[in-house]
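**Student:** Residue numbers (my numbering): 256 to 492.
Think of the CB as a built atom: it goes at the ideal place given N, C-alpha and C, for glycine as much as any other residue.
So that we are looking at the same thing, I have put the structure below in structure tokens.
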Amino acid sequence: MILKIIDRLTDLVFPRRCAVCDELLPVGEKYVCNPCMKKKLYIEEPTCIKCGKSIGSENAYCEDCSRRKHKYIQGTAVFDYGSIADSLFRFKNKGRVEYAKFYAREIMNKRGDWLKAIKPDAFVPVPIHSSKLRKRGYNQAEILSDELSKLSKIPTEKSLISRIRKTAPLKDLSPIQRQDYLKKAFKVNGKGVKLKTIVIIDDIYTTGSTVDEIADAIQKVFPCNIYFLTIAIGRGK
């Protein structure tokens with residue numbers, strides 16, 4: 256009861272904002288306002304059995320996964336990127352790190368059984384370059400991974416891999432250009448021999464180039480089953 260009273264008082268002094276639209280939440284609501292909860296935010300079936308993109312057909316794979324051989328075993332996400340793009344931008348670039356609690360809760364609600372099935376030894380957040388970390392002040396993938404660890408009891412391994420080459424945003428590059436651009440961008444620190452299964456954590460999955468490059472760097476050092484889990488993913492074909 257005391258904790259509930261403190262929680263209410265905290266809401267009055269420091270009002271929470273909706274993790275989707277960023278409007279102030281009514282007292283007592285923790286993550287998302289009622290109008291946003293009624294929106295179509297989540298990935299709809301059917302989905303690609305490799306990357307988890309909604310493909311809108313009965314095909315097993317999206318167009319990208321049917322043409323490319325990825326380094327990871329499988330991946331999944333929760334939200335359709337188009338429905339939550341503004342939220343992710345604020346989370347990544349505007350300091351709205353508190354959104355991670357909502358994202359993590361929804362990931363566990365929607366993908367908790369998937370995590371139990373693959374039994375990962377650790378989460379590995381996608382690293383950012385030290386210069387970007389200094390400028391932004393945080394790594395959104397690490398913050399999300401920490402929240403997921405709290406809920407799942409799966410540890411976060413932040414020191415396994417680092418980004419040693421600064422890279423510009425990849426959004427305007429083709430999948431092949433992304434692969435070439437990311438070559439030797441990551442370095443594995445330590446052997447990680449006790450990790451048999453890991454899940455790479457990031458905010459958005461697009462073509463999979465970043466996940467593939469990290470998976471390739473890890474597998475060159477030690478054998479490991481690699482999956483990915485992101486907040487959102489774009490639509491496939």
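What does a CB cutoff of less than 8 Å around N480 pick up in its chain, not counting 5 residues either side in sequence?
**Tutor:** Within the same chain, N480 has close Cβ partners I328, I373, K451, T452, I453.
**Student:** Contact between the region 379 to 389 and the region 328 to 347: three or more CB pairs below 8 Å?
**Tutor:** They do not touch, by the three-pair rule.
**Student:** With a threshold of 16 other CB atoms inside 10 Å of the CB of D368, please say whether the residue is buried or exposed.
**Tutor:** Exposed, because fewer than 16 other Cβ atoms sit within 10 Å of the Cβ of D368.
**Student:** Does DSSP put D368 in a helix, a strand or coil?
**Tutor:** D368 falls in the helix class under three-state DSSP.
**Student:** Just list the residues that DSSP pairs R272 with in beta bridges.
**Tutor:** Note: R272 sits in a beta bridge opposite L279.
**Student:** So, K293 versus R271, is the Cβ gap smaller than 9 Å?
**Tutor:** No, they are not a contact pair.
**Student:** Take A355 and list the residues in its own chain whose beta-carbon comes closer than 8 Å to its own, dropping the five residues that flank it on each side.
**Tutor:** Hits under 8 Å: F346, Q395, I398, L399, D401, E402.
**Student:** Considering only residues of the same chain and omitting the five flanking positions on each side of C273, which have a CB-CB separation below 7 Å?
**Tutor:** Correct list, in chain order: L280, V287, C288, C291.
**Student:** Between the C-alpha atoms of K413 and E299, what's the straight-line distance to the nearest angstrom?
**Tutor:** Straight-line Cα distance between these residues: approximately 31 Å.
**Student:** Can you list, in chain order, the residues of its chain whose CB lies under 7 Å from that of L267, leaving out five sequence neighbours each side?
**Tutor:** Residue placement at L267 cannot be trusted, given a pLDDT of 49 that sits under 50; the coordinates are not used to answer.
**Student:** What are the uninterrupted segments assigned as beta strand (DSSP E) that are 3 or more residues long and contained completely in the region 302 to 336, given in chain order?
**Tutor:** Counting whole runs of 3 or more residues, the region 302 to 336 contains the beta strand (DSSP E) stretches 329 to 335.
**Student:** If we define contact as Cβ-Cβ less than 9 Å, is I398 a contact residue for chain D?
**Tutor:** The structure shown contains no chain D; it holds only a single protein chain.
**Student:** How would you label K475, buried or exposed, when you count the other beta carbons within 10 angstroms and need 16 or more for buried?
**Tutor:** Per the 10 Å Cβ criterion, exposed.
**Student:** What is the C-beta distance between I459 and I486, in whole angstroms, given that I count them as a contact (C-beta under 8 Å)?
**Tutor:** Confirmed, Cβ separation roughly 7 Å.
**Student:** Could you name the residues of the same chain whose beta carbon sits closer than 6 Å to that of D335, not counting the 5 residues immediately before and after it, in chain order?
**Tutor:** Hits under 6 Å: I298.
**Student:** What separation, rounded to the nearest whole angstrom, lies between the Cα atoms of I261 and K324?
**Tutor:** Legend: pLDDT at I261 = 45, less than 50; position of this residue unreliable, no value from coordinates given.
**Student:** If we ignore side chains and look at the alpha-carbon of each, how far apart do R490 and A359 end up?
**Tutor:** So the two alpha carbons sit approximately 21 Å from each other.
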